[in-house]
Amino acid sequence: MIALDDLDRAILRARVADATESAGAIGRRLGLSQPATWRRLRRLEAAGVLRGERLALDAAALGFGVTVFLGVKLATKGRVSLEDFERAVTAIPEVQMVQHVLGVYDYRLRVVARDIADFERVLRRRIMTLPGVGDVEANVLLSEERRPGPLG
Amino acid sequence: MRLDDADRRLLRQMMADPALGTADLAERAGLTPATAWRRVERLGAAGILKGRHAVVDWRALGWAVEVSMRFTLDKTEPRAFDAFLAAAREVPEVIEIQTFLGRVDVRLSIIARDMGHYQEIYRDRILTLPHIADIEALMLVSTIKDSASLPL
Numbered sequence: 000m001i002a003l004d005d006l007d008r009a010i011l012r013a014r015v016a017d018a019t020e021s022a023g024a025i026g027r028r029l030g031l032s033q034p035a036t037w038r039r040l041r042r043l044e045a046a047g048v049l050r051g052e053r054l055a056l057d058a059a060a061l062g063f064g065v066t067v068f069l070g071v072k073l074a075t076k077g078r079v080s081l082e083d084f085e086r087a088v089t090a091i092p093e094v095q096m097v098q099h100v101l102g103v104y105d106y107r108l109r110v111v112a113r114d115i116a117d118f119e120r121v122l123r124r125r126i127m128t129l130p131g132v133g134d135v136e137a138n139v140l141l142s143e144e145r146r147p148g149p150l151g
Numbered sequence: 000m001r002l003d004d005a006d007r008r009l010l011r012q013m014m015a016d017p018a019l020g021t022a023d024l025a026e027r028a029g030l031t032p033a034t035a036w037r038r039v040e041r042l043g044a045a046g047i048l049k050g051r052h053a054v055v056d057w058r059a060l061g062w063a064v065e066v067s068m069r070f071t072l073d074k075t076e077p078r079a080f081d082a083f084l085a086a087a088r089e090v091p092e093v094i095e096i097q098t099f100l101g102r103v104d105v106r107l108s109i110i111a112r113d114m115g116h117y118q119e120i121y122r123d124r125i126l127t128l129p130h131i132a133d134i135e136a137l138m139l140v141s142t143i144k145d146s147a148s149l150p151l
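Protein sequence lines, in the order shown, are assigned to chains A and B.
First residue of the first sequence: 0, per numbering that gives the first Met the number 0; consecutive thereafter.
First residue of the second sequence: 0, per numbering that gives the first Met the number 0; consecutive thereafter.
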């Protein structure tokens, strides 16, 4: 496992805040040369710590006003294969996130829709028809914030 | 702002691969680099494109456990939400905070180095958060899909 020093953590924080900032600009703020910053970034990527980028979009401005999280319990555990469920659910364009979890539900899904009527359509036609789907709980997202986590 | 087909092509390509440079992005969207750049700037100015963020793989940093904690708050306390959210922001292991309309009021994503560490955080930092009426935990097994893509 990779060991991080304070500069690595500062570089990670900068990248999480804005992935478009150049190594030179990050380095200047931290008192590092551009090549030194670049080497550290490459090392973090090689270690798998930096796992790609995420686009921040205003979903509502693009017409997707509703985000719903679903807790899904499989009805016939052991009979329907998890692979079948996962393959079918990841293919739904409105489903942004699929997580396999342990607890009262088997899967967590993040679903986007244009409005509540559109969500109902997705739920009825796409989600409730998935192989093996049982109990489904829906919670409508009101707000969300990502935290820097233990990067200090 | 009204989007045309070229804007939608650009957004689709950016959603598919957020780390693309302008030249590759332009080529995939069938535009000249200058046009692509101008349109990306315009999407940014309109607030549709809010930025690009690096994604940190906490497991690669030795944070092997991720738990989704779902809270119901005591709504007889008028300041329950604000007080809870403010206190949750002080916990470094909290990487995501979401509020909901539904059976769940607030959800926190919490990371820990191992189960022992998780138990420590749970007892010392989570159970001590104010105005909790009920807690439910879902332990993350695997993330099968995670994208910011919208079905444009």
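From the three backbone atoms N, C-alpha and C, an ideal C-beta is built for every residue, glycine too.
So, at 7 angstroms on beta carbons, what are the nonlocal neighbours of residue i in its own chain, with the 5 sequence-adjacent residues on each side left out?
i, result
"residue 71 (chain A)", "104, 105, 106, 108, 132, 135"
"residue 141 (chain A)", "none"
"residue 120 (chain B)", "92, 109, 111"
Indicate whether at least one CB of chain A lies closer than 8 angstroms to the CB of residue i.
i, result
"residue 43 (chain B)", "no"
"residue 144 (chain B)", "yes"
"residue 39 (chain B)", "no"
"residue 77 (chain B)", "no"
"residue 57 (chain B)", "yes"
"residue 131 (chain B)", "no"
"residue 64 (chain B)", "no"
"residue 85 (chain B)", "no"
Any idea if residue i is buried or exposed, counting beta-carbon neighbours within 10 angstroms, 16 or more meaning buried?
i, result
"residue 127 (chain B)", "exposed"
"residue 59 (chain A)", "exposed"
"residue 26 (chain A)", "buried"
"residue 92 (chain B)", "buried"
"residue 89 (chain B)", "exposed"
"residue 148 (chain B)", "buried"
"residue 148 (chain A)", "buried"
"residue 67 (chain B)", "buried"
"residue 160 (chain B)", "Since the displayed chain B opens at 0 and closes at 151, residue 160 (chain B) lies outside it and no answer follows."
"residue 25 (chain B)", "buried"
"residue 133 (chain B)", "exposed"
Can you give me the Cβ contacts of residue i inside the same chain, cut-off strictly under 8 angstroms, excluding the 5 residues immediately before and after it?
i, result
"residue 79 (chain B)", "72, 73, 129, 130"
"residue 112 (chain B)", "61, 62, 63, 64"
"residue 1 (chain A)", "42, 43, 46, 48"
"residue 96 (chain A)", "107, 108, 109"
"residue 39 (chain A)", "6, 7, 10, 31"
Does DSSP classify residue i as helix, strand or coil?
i, result
"residue 99 (chain B)", "strand"
"residue 149 (chain B)", "coil"
"residue 116 (chain B)", "helix"
"residue 14 (chain B)", "helix"
"residue 25 (chain A)", "helix"
"residue 51 (chain A)", "strand"
"residue 107 (chain A)", "strand"
"residue 129 (chain A)", "coil"
"residue 2 (chain A)", "coil"
"residue 84 (chain A)", "helix"
"residue 123 (chain A)", "helix"
"residue 102 (chain A)", "coil"
"residue 40 (chain B)", "helix"
"residue 93 (chain A)", "coil"
"residue 131 (chain B)", "strand"
Check whether the Cβ of residue i lies closer than 8 angstroms to any Cβ atom in chain B.
i, result
"residue 148 (chain A)", "yes"
"residue 55 (chain A)", "yes"
"residue 107 (chain A)", "yes"
"residue 1 (chain A)", "yes"
"residue 38 (chain A)", "no"
"residue 89 (chain A)", "yes"
"residue 19 (chain A)", "yes"
"residue 96 (chain A)", "yes"
"residue 154 (chain A)", "No information on residue 154 (chain A) is available, as it lies outside the stretch 0 to 151 that chain A covers here."
Which whole-angstrom value describes the C-beta separation of residue i and residue j, a residue pair presumed to lie in contact below a C-beta threshold of 8 angstroms?
i, j, result
"residue 125 (chain B)", "residue 110 (chain B)", "About 12 angstroms; that fails the 8 angstroms criterion."
"residue 90 (chain A)", "residue 130 (chain A)", "Going by Cβ atoms, the distance from residue 90 (chain A) to residue 130 (chain A) rounds to 12 angstroms, so no, they are not a contact pair."
"residue 38 (chain B)", "residue 4 (chain B)", "Not really, about 11 angstroms apart at Cβ, beyond 8 angstroms."
"residue 114 (chain A)", "residue 65 (chain A)", "6 angstroms"
"residue 102 (chain A)", "residue 138 (chain B)", "6 angstroms"
Output needed for residue i: all residues of its chain with C-beta closer than 6 angstroms, excluding positions within five of it in sequence on either side, in chain order.
i, result
"residue 42 (chain B)", "48"
"residue 105 (chain B)", "70, 98"
Could you name the residues of chain C that residue i contacts, counting a contact when the two beta carbons are closer than 8 angstroms?
i, result
"residue 99 (chain B)", "Of the chains in the structure shown, none is chain C; the protein chains are A and B."
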